[in-house]
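Colleague: For the record, the sequence lines run as chains R and A. Position 115 of the first sequence, counting from 1, maps to 114 under numbering that gives the first Met the number 0, and the rest follow consecutively. Position 73 of the second sequence, counting from 1, maps to 72 under numbering that gives the first Met the number 0, and the rest follow consecutively. Have a look at this one.
Number of protein chains: 2
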Amino acid sequence: MPDTDRLMTIREMCDTYEVTPRTLRFYEAKELLSPNREGQKRLFTRRDRARLKLILRGKRFGFSLEEIRQLLELYHVGDQQQTQLARTLAIAKERLADMERQRNEFNEAINDLGEQIDWVTQTLASTAVSKDAAE
Amino acid sequence: MPDTDRLMTIREMCDTYEVTPRTLRFYEAKELLSPNREGQKRLFTRRDRARLKLILRGKRFGFSLEEIRQLLELYHVGDQQQTQLARTLAIAKERLADMERQRNEFNEAINDLGEQIDWVTQTLASTAVSKDAAE
DNA sequence: CGTATTCCTTACGTTAACGTCAACTCCCTC
DNA sequence: GAGGGAGTTGACGTTAACGTAAGGAATACG
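Shown next, in the form of structure tokens:
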């Protein structure tokens, strides 16, 4: 059995991905994850791990869990109906366009901030000099 | 008096920037804005407008209002002390590094999503064909 | 003068995304 | 068989960023 097919306990998951048990149970409640059960214990599959990675990445970009849930459907195609799939696809395309727009704004902001930092650095340097001169 | 120096009422602000009065009062309470008063009414200055724009942009990038408040200090240099200014500058540089890291991840995510969309589009097209053929 | 509009303050309500705590159930081991 | 961990299910608490509603002041209009 390849290592990637290992089932992980909640603790292993937490240590691996730096999340709390509460978080994983919360994601399950929100139907973002669906671990197996052994008795009442959760066992997380390869699929859960892949999804969790995407969830965490999505969060870093400021997506809500609900939005992420929609994106996850893209990675879970197989049993879906055509129309539903097409809808999901449309959503993903919109999201992609959003992200591209956001990236552009982001680049602007990075440039702005960089310039501002340069400016302040200059100011700081020159006032330090004039202060020296005054003493 | 140049138009940029006009004082704006709360409603003008709301219409211009598509925010609610509550939001503007909230930002004032958090010391992100500091409009003048005429009696008890707020009058927003050019400076408030500039700051509001930055606040809104910061929000689009997922910054918290507290983080934004720190960045705003960069745009309000003049009466500050050197040490305080230097600290602010350090914060801004970290923030810039964060943003650059985030941009890289972001680009990856955009590529991933794009590929995924292509893939699904393909799948959708070919299953549609085979479905046609089966009928 | 009445009332309509715009604004104000105060204060409680709401949503997302968990944190925290109590009370249980297994399973292991000493 | 008493205790110790790891895991479970409620259920209430928390923070950020406002929404919303109640009640009052100031100005404008007919």
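For every residue, glycine included, the Cβ atom is placed at its ideal position computed from N, Cα and C. Everything numeric in this text was worked out from a predicted model, so none of it was measured.
#1: State the beta-bridge partners of R:Arg-50 as determined by DSSP.
#2: Reducing DSSP to helix, strand and coil, say where A:Arg-94 ends up.
#3: Would you mind telling me which residues of chain A sit closer than 9 Å to R:Leu-31, beta carbon to beta carbon, in chain order?
#4: Considering A:Glu-65, what are the terminal residues of the alpha helix (DSSP H) in which it resides?
#5: Given that R:Met-7 touches chain A, what residues does it touch there, using C-beta distances under 7 Å?
#6: Show which residues of chain A have a CB atom less than 9 Å away from the CB atom of R:Gln-101.
#7: Would A:Val-119 count as contacting chain R if we go by Cβ distances under 9 Å?
#8: My assumption, with CB atoms under 8 Å, is that A:Ala-91 sits in contact with A:Leu-73. Please give the rounded CB distance.
#9: Does chain R have any CB closer than 9 Å to the CB of A:Glu-134?
#10: From A:Glu-96 to R:Arg-5, what distance separates their C-alpha atoms?
#11: What does R:Gly-113 touch in chain A if you count any residue whose Cβ is under 9 Å from its own?
#12: Which residue's Cα is closest to the Cα of R:Gly-57: R:Leu-31, R:Ala-85, R:Ser-125, R:Glu-27?
Modeller: Put simply:
#1: Taking the first sequence and counting its residues from 1, one reaches residue 50 of chain R at position 51. DSSP lists no partner for R:Arg-50.
#2: What you label residue 94 of chain A is simply residue 95 of the second sequence in a count that begins at 1. Correct three-state label for A:Arg-94: helix.
#3: Counted from its first residue, the first sequence places residue 31 of chain R at position 32. What R:Leu-31 touches in chain A: nothing, since even the nearest Cβ is about 17 Å away.
#4: For the purposes of this step, residue 65 of chain A is taken as the residue at position 66 of the second sequence. For A:Glu-65, the uninterrupted alpha helix (DSSP H) segment begins and ends at 64 to 73.
#5: Residue 7 of chain R sits at position 8 when you count from the first residue of the first sequence. Those within 7 Å of R:Met-7 in chain A number zero; the least Cβ separation is about 24 Å.
#6: In the first sequence, the residue the question calls residue 101 of chain R occupies position 102. The answer, in chain order, is Arg-59, Phe-60, Phe-105.
#7: The residue given as residue 119 of chain A occupies position 120 in the second sequence. Taking Cβ atoms only, chain R reaches closer than 9 Å to A:Val-119, which makes this a yes.
#8: The residue labelled residue 91 of chain A in the question sits at position 92 within the second sequence. The residue labelled residue 73 of chain A in the question sits at position 74 within the second sequence. A:Ala-91 to A:Leu-73, Cβ: 5 Å. Contact.
#9: In the second sequence, residue 134 of chain A corresponds to position 135, counting from 1. Caution applies to A:Glu-134, whose pLDDT of 46 falls short of 50 and renders its modelled position unreliable; the model cannot decide the point.
#10: Position 97 of the second sequence, counted from the first residue, corresponds to residue 96 of chain A. Position 6 of the first sequence, counted from the first residue, corresponds to residue 5 of chain R. In the sequence on display, residue 96 of chain A carries Ala and not Glu. Here the alpha carbons of R:Arg-5 and A:Ala-96 stand approximately 36 Å from one another.
#11: In the first sequence, the residue the question calls residue 113 of chain R occupies position 114. Leu-95, listed in chain order.
#12: In the first sequence, residue 57 of chain R corresponds to position 58, counting from 1. Of the residues R:Leu-31, R:Ala-85, R:Ser-125, R:Glu-27, the one whose Cα lies closest to the Cα of R:Gly-57 is R:Leu-31.
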